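**Q**
Protein chains in written order, with our numbering: chain A, 1 to 262; chain B, 263 to 820; chain C, 821 to 1176.
Set out below in structure tokens:
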């Protein structure tokens, strides 16, 4: 402490402080924005896909979802949930679930793309349900402004206006949507995973969903014009920042200012 | 002033160029008296004295950046379609106010920077007022003769919050619109006149088309004018009282020790303005604040997760969140004589803020009534030397922080992976027990620090040097303090409780008994400052005479 | 608590009441001796400090230049990317920060290192002398006495009355700030117009919704038919009329008596405006059937007619009675059966008049 307080009085301390502040701010600010490429979807499944998927299902999913995906006390029936649901849940790593909790969490996917496709094919063969969206709907070339309006009305109350996520009741939450692929966003809308409501095509049209994906990808690619976005969490993170960083730097300056030079 | 004396040339001729300029001005405006009074006025120097200046400078920066913003902002709620350069909102229907706020952000060079400077400076303005007031409270600087200035300062805090809130709502974005909607809900909960207040405020039903224009007028004219008036009063009283100083050698209630205004203090204070400006500019350049383009235009249907007010209104929002609307089957909203009383909104919106501000305004008189202390104080208390006051302050601060934290309960839940409901339950409990625990802990800590001061004053400071005595005992060598450092630790008062005394009629009134009870509570736990006699006794400690003789300069203790 | 009057283990008996033990107190040793700085004794150090100050002022000049370059070299307009705006904002901030911090730290460093740093003691003069105090009080007393206000209660009382009433016009002139509330809050746009029931339409585009569109688990954000076409007051109506439409298993609904036909095959419509302070309660959890308000976390149980199960709201969300028209579109069979949104003083009166 003693050594620090002596160095603090060093004239170079000002410059060091300035540089440190600049480096920290610059570092935070340079957080890169990455755009996920929506992956191609394959609508047709071969008999072989379904068969392989069935095997994977028996080996990995049937414990909870039951043989033939008819459901058990530990997991719902998957008949009629469609390929989109499987692709979302397995593709984002939510399924297979690691443990029971308020909600399944995103984690590294356990199956590769091919296996996920086979599983989707198997579940899709059990009953009609939402299919994996076509590539044309994921091209991110829709109307971002219209998508923004749809997003604010239908999604922002849970996912936050800047898609930074938000809390639900009793430990559940709506996740942040940055780094989520357009395909998975689209699939989540049509299938309503976990506690998310379903936004079927009769509610938000496929073009509308394309607009929403376009909007989300555009704001993600844009980043914040004002610099680091502080998590896009609104006034709470701004308040925390001004109290800790803002006042912290000011206090450092006041201490320097009122200390005696050696 | 006769004609003759006017014709005469002044007897005094300045020698230097600066001197001649000074003299030129003085002869025309007569500032020599003021300069004589203030030019070398002494100001004590301590880092904790700077927060008032931070607030003042933030306010100046607010005026500068705010003026720039008014040139481009149009507070109209008329509908328009956005035609600026921010693509994700192209052609969206919105108010002119929101549209011009977006133009400031995206189409006026430096506009975004100015907006961010203005908003960061606003947050810093209120924060520095709050820290300044905490400093004044914990050091007892509000005591006579500064009670009125404490009140003026409290008024400034409220005005700063009002300025902030009226400004927060101006861009007419979704976040601030929902904030206004909450204000509307709180207004409507007011008994008898609530509905009228709401209709008058919004010019009809919420949201109407009038409120932004009205808030704008309050924000750029009325509130800043009042703030300016209060700042003038505040500074005038600072000049009248002179600044307080921390206790220490050479400092007493009859003097001020520090640096003269010119040049040292003026240079430091003047330079500090640029430093505050620079820090705000750094924040505005690299950190987004109030990204209105994310929120979208105000529309009563959508809402964003994480809808919160700026930090200084947070405690009221937190109180609103903590209040249960229903306990068991009991509803806090009920009907009296055919009218609806909404206690689940009224109680949290008014009671905690009411208690906080009432106690804040009254505190100087509450304390002087309890302690019967009517002397003037210019030397501050170190917080540890007024344990009960410190404990009261910490308890109040913790109470505030519980409500403050509650305003971010949803973010606490998502970021610490806990249940939103559990966060609320815990904070509800802390709302009641938090201040009590804080009071006890803070008081114990203050007393412990006082004992440590005593220990150091009597036995010296620990040197970290361990010595083995001839009979095998290990001891740490203590170095005695010089008299200046020691005086800092012993130069304070530790008043004893004042028992109840009879009034002129020989009667001990009920009020006096209450006062005596509070006085006991206030002063009962105390640590007296060390005295010269005790120091003498400590030095002549009989335990280790051998070592004492061997190391004359060292005082030993176990 | 016991006796804590002294922290010392060997109680010395000192009681520190003011005045009682002046002699036993440590004497003030006075201001500590002045300690010279490096720059006071070493001319080299002084020179170095001088150069440092100059460098800081120079940094300020560089900052100003950065600002000017960033302002004039980067133009904004249609087609400017967000990255450009961010860059300009950062450079303006950096330039201003350097310009200001350069001057500020330069001046302070100058003051600290090179200006005299002797602490001075100045006498604190009493704010006013005893003589002034007496004179002031006497003058005020004389003034009060000469007015005779104490001896003439009639004058005093009438004056008090007049002064108390005089500000009333100042309050009254604000009477035209807004219209009287009347019954505006009791009604919404959902009331059938000329016998025609209002359709439920999607927010924001206003297209009508068929019952078959609403699949189980979905949530529709709904506005009344014709809202978007209103010539004025659109937001005012929207602020009261927004509705959340959801479909769940009809068996999980527990409608109370008289409300059995307010839903259609498990499709229910509830006001989105929180009964607490009016935020849109739009967070629908389709598995738990809970509605959560993001502002203050009031939670409503959809299966129990939106009864409050957590948070500060005290009343259930009002339900909009719905049915299906001849073309299969969802319609509201009537307005809400109670005022929507936060409570207000006249609310109960309005509710009774709606129900009667």
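A virtual CB, placed ideally from N, CA and C, is assigned to each residue, including glycine. For clarity, every value in this text was computed on a predicted model and none was experimentally measured.
#1: Using DSSP's beta-bridge definition, name the partner residues of residue 72 of chain A.
#2: Is residue 122 of chain A closer than 7 Å to residue 50 of chain A when the C-beta atoms are compared?
#3: Using a threshold of 7 Å, state whether the C-beta atoms of residue 374 of chain B and residue 147 of chain A are closer than that.
#4: Identify the contact partners of residue 880 of chain C in chain A, using a Cβ-Cβ distance below 9 Å as the criterion.
#5: Could one say the Cβ of residue 54 of chain A lies closer than 7 Å to chain C's Cβ atoms, at least one of them?
#6: Give me, in chain order, the residues of the same chain whose beta-carbon lies closer than 8 Å to that of residue 1125 of chain C; leave out the 5 immediate sequence neighbours on both sides.
#7: If we count the other Cβ atoms within 10 Å of its Cβ and call it buried at 16 or more, is residue 304 of chain B buried or exposed?
#8: Under a Cβ-count criterion, where at least 16 other Cβ atoms within 10 Å of its own Cβ denotes burial, should residue 447 of chain B be classed as buried or exposed?
#9: Identify, in the order they occur along the chain, each residue of the same chain with its Cβ nearer than 7 Å to the Cβ of residue 746 of chain B, setting aside the five sequence neighbours on each side.
#10: Against residue 550 of chain B, what residues of chain A qualify as contacts under a CB-to-CB distance less than 7 Å, listed in chain order?
#11: Beta carbon of residue 892 of chain C, beta carbon of residue 912 of chain C: below 7 Å?
#12: Could you tell me whether the Cβ of residue 892 of chain C comes closer than 7 Å to any Cβ of chain A?
#13: Confirm, please, whether the CB-CB distance from residue 1161 of chain C to residue 1098 of chain C is below 7 Å.
#14: Taking the alpha carbon of residue 156 of chain A as the point to measure from, which residue in A:59, A:106, A:196 and A:241 has its own alpha carbon closest?
#15: Tell me the start and end of each unbroken alpha helix (DSSP H) in the segment 310-388 of chain B that is at least 4 residues and wholly inside, in chain order.
#16: Determine the closest residue to residue 945 of chain C out of B:597, B:517 and B:500, with distance taken between C-alpha atoms.
#17: The alpha helix (DSSP H) with residue 539 of chain B in it runs from where to where?
#18: Applying the 10 Å Cβ sphere with the 16-neighbour rule, what's the burial state of residue 1158 of chain C?
#19: Residue range of the alpha helix (DSSP H) that residue 517 of chain B falls in?
#20: Check whether chain B comes within 7 Å of residue 31 of chain A, counting only Cβ atoms and requiring the distance to be less than that.
#21: Using the C-alpha atoms, what's the distance from residue 619 of chain B back to residue 755 of chain B?
#22: Taking C-beta to C-beta, are residue 551 of chain B and residue 382 of chain B nearer than 7 Å?
#23: Over what stretch of residues does the beta strand (DSSP E) that includes residue 1044 of chain C continue unbroken?
#24: Determine contact between the segment 778-792 of chain B and the segment 626-643 of chain B, defined as no fewer than three beta-carbon pairs at a distance below 8 Å.
#25: What is the DSSP secondary structure of residue 736 of chain B, reduced to helix, strand or coil?
#26: Which of the three DSSP states is assigned to residue 505 of chain B in this structure?
#27: If you drop the 5 nearest sequence neighbours on each side, which residues of the same chain put their C-beta closer than 8 Å to that of residue 366 of chain B?
#28: Under 7 Å, Cβ to Cβ, is there at least one residue of chain B near residue 233 of chain A?
#29: As a quick exercise: from B:533, B:384 and B:505, pick the residue whose alpha carbon is nearest that of residue 317 of chain B.
#30: Thinking C-beta only, is residue 523 of chain B closer than 7 Å to residue 300 of chain B?
#31: With H, G and I counted as helix, E and B as strand and the rest as coil, what does DSSP make of residue 305 of chain B?
#32: Applying the 10 Å Cβ sphere with the 16-neighbour rule, what's the burial state of residue 258 of chain A?
#33: From the DSSP output, read off the bridge partner residues of residue 1121 of chain C.
#34: Leaving out the 5 sequence neighbours to the left and right, which residues in its chain are closer than 6 Å to residue 692 of chain B when beta-carbon positions are compared?
#35: What's the C-alpha gap between residue 348 of chain B and residue 553 of chain B?
#36: Under 8 Å between beta-carbons, which chain C residues line up against residue 157 of chain A? List them in chain order, please.
**A** Put simply:
#1: For the purposes of this step, residue 72 of chain A is taken as the residue at position 72 of the first chain. For residue 72 of chain A, which the question treats as bridged, DSSP gives the partners A:75.
#2: Walking along the first chain from the start, residue 50 of chain A turns up at place 50. Walking along the first chain from the start, residue 122 of chain A turns up at place 122. Between residue 50 of chain A and residue 122 of chain A, the C-beta spacing is below 7 Å.
#3: Within the second chain, numbered from 1, the residue matching residue 374 of chain B stands at position 112. Within the first chain, numbered from 1, the residue matching residue 147 of chain A stands at position 147. Going by C-beta atoms, residue 374 of chain B is not nearer than 7 Å to residue 147 of chain A.
#4: Taking the first residue of the third chain as position 1, residue 880 of chain C is located at position 60. Result: empty, since nearest Cβ-Cβ is about 12 Å, beyond 9 Å.
#5: The sequence position of residue 54 of chain A within the first chain is 54, counting from 1. Closer than 7 Å: no.
#6: Taking the first residue of the third chain as 1, we reach residue 1125 of chain C at position 305. 1074, 1075, 1076, 1079, 1136 and 1139, listed in sequence order.
#7: Position 42 of the second chain, counted from the first residue, corresponds to residue 304 of chain B. Answer is buried; the Cβ neighbour count reaches 16.
#8: Position 185 of the second chain holds residue 447 of chain B. With a threshold of 16 other beta carbon atoms within 10 Å, residue 447 of chain B meets it and is buried.
#9: One-based indexing of the second chain puts residue 746 of chain B at position 484. Hits under 7 Å: 511.
#10: In the second chain, the residue the question calls residue 550 of chain B occupies position 288. Under the 7 Å cutoff, chain A gives 224, 226, 227, 228, 229 and 230.
#11: Looking up residue 892 of chain C in the third chain gives position 72. Looking up residue 912 of chain C in the third chain gives position 92. Going by beta carbons, residue 892 of chain C and residue 912 of chain C fall outside the 7 Å limit.
#12: Along the third chain, one-based indexing puts residue 892 of chain C at 72. Proximity of residue 892 of chain C to chain A, defined by a Cβ-Cβ separation below 7 Å, is not satisfied.
#13: As a first step, residue 1098 of chain C must be located in the third chain, where it is residue number 278. As a first step, residue 1161 of chain C must be located in the third chain, where it is residue number 341. Yes, the pair counts as a contact, with Cβ atoms nearer than the cut-off.
#14: Along the first chain, one-based indexing puts residue 156 of chain A at 156. Residue 156 of chain A has its Cα closest to that of A:196, out of A:59, A:106, A:196 and A:241.
#15: With a minimum length of 4 residues, the continuous alpha helix (DSSP H) runs that stay inside the segment 310-388 of chain B are 313-332 and 358-368.
#16: The residue given as residue 945 of chain C occupies position 125 in the third chain. Across the set B:597, B:517 and B:500, the C-alpha of B:517 shows the shortest separation from the C-alpha of residue 945 of chain C.
#17: Start at 1 with the first residue of the second chain, and residue 539 of chain B comes out as number 277. Here the alpha helix (DSSP H) through residue 539 of chain B covers 528-548.
#18: Taking the third chain and counting its residues from 1, one reaches residue 1158 of chain C at position 338. Per the 10 Å Cβ criterion, buried.
#19: Working through the second chain from its first residue, we reach residue 517 of chain B at position 255. It is not in any alpha helix (DSSP H) - residue 517 of chain B instead sits in the beta strand (DSSP E) that spans 517-522.
#20: Position 31 of the first chain holds residue 31 of chain A. Note on residue 31 of chain A: pLDDT 36, under 50, position unreliable in the model; no value is reported.
#21: Within the second chain, the letter at position 493 stands for residue 755 of chain B. Within the second chain, the letter at position 357 stands for residue 619 of chain B. About 29 Å.
#22: Within the second chain, numbered from 1, the residue matching residue 551 of chain B stands at position 289. Within the second chain, numbered from 1, the residue matching residue 382 of chain B stands at position 120. Contact flag set, yes.
#23: By 1-based counting over the third chain, the position of residue 1044 of chain C is 224. Element bounds for residue 1044 of chain C: 1039-1044.
#24: yes
#25: Looking up residue 736 of chain B in the second chain gives position 474. The answer is strand: DSSP assigns residue 736 of chain B an E or B state.
#26: As a first step, residue 505 of chain B must be located in the second chain, where it is residue number 243. Looking at residue 505 of chain B - three-state DSSP - the assignment turns out to be coil, as it is neither helix nor strand.
#27: Working through the second chain from its first residue, we reach residue 366 of chain B at position 104. Excluding sequence neighbours, residue 366 of chain B sits near 331, 334, 335, 373, 374, 376 and 377.
#28: Residue numbering aside, residue 233 of chain A sits at position 233 when the first chain is read from its first letter. Yes, contact with chain B.
#29: One-based indexing of the second chain puts residue 317 of chain B at position 55. Nearest of B:533, B:384 and B:505 to residue 317 of chain B, Cα basis: B:384.
#30: Indexing the second chain from 1 puts residue 300 of chain B at position 38. Indexing the second chain from 1 puts residue 523 of chain B at position 261. The answer is yes: Cβ separation under 7 Å.
#31: In the second chain, counting from the first residue as 1, residue 305 of chain B sits at position 43. Looking at residue 305 of chain B - three-state DSSP - the assignment turns out to be strand.
#32: Sequence index remark: in the first chain, residue 258 of chain A carries index 258 (1-based). When all chains shown are included, residue 258 of chain A counts as buried.
#33: Within the third chain, residue 1121 of chain C is the residue found at index 301, counting from 1. Under the DSSP definition of a beta bridge, residue 1121 of chain C partners with C:1110 and C:1127.
#34: Taking the first residue of the second chain as position 1, residue 692 of chain B is located at position 430. Excluding positions up to five away in sequence, the list reads 664.
#35: Indexing the second chain from 1 puts residue 348 of chain B at position 86. Indexing the second chain from 1 puts residue 553 of chain B at position 291. Distance between the alpha carbons of residue 348 of chain B and residue 553 of chain B is about 12 Å.
#36: For the purposes of this step, residue 157 of chain A is taken as the residue at position 157 of the first chain. Within 8 Å Cβ-Cβ: 1100, 1102, 1103 and 1114.
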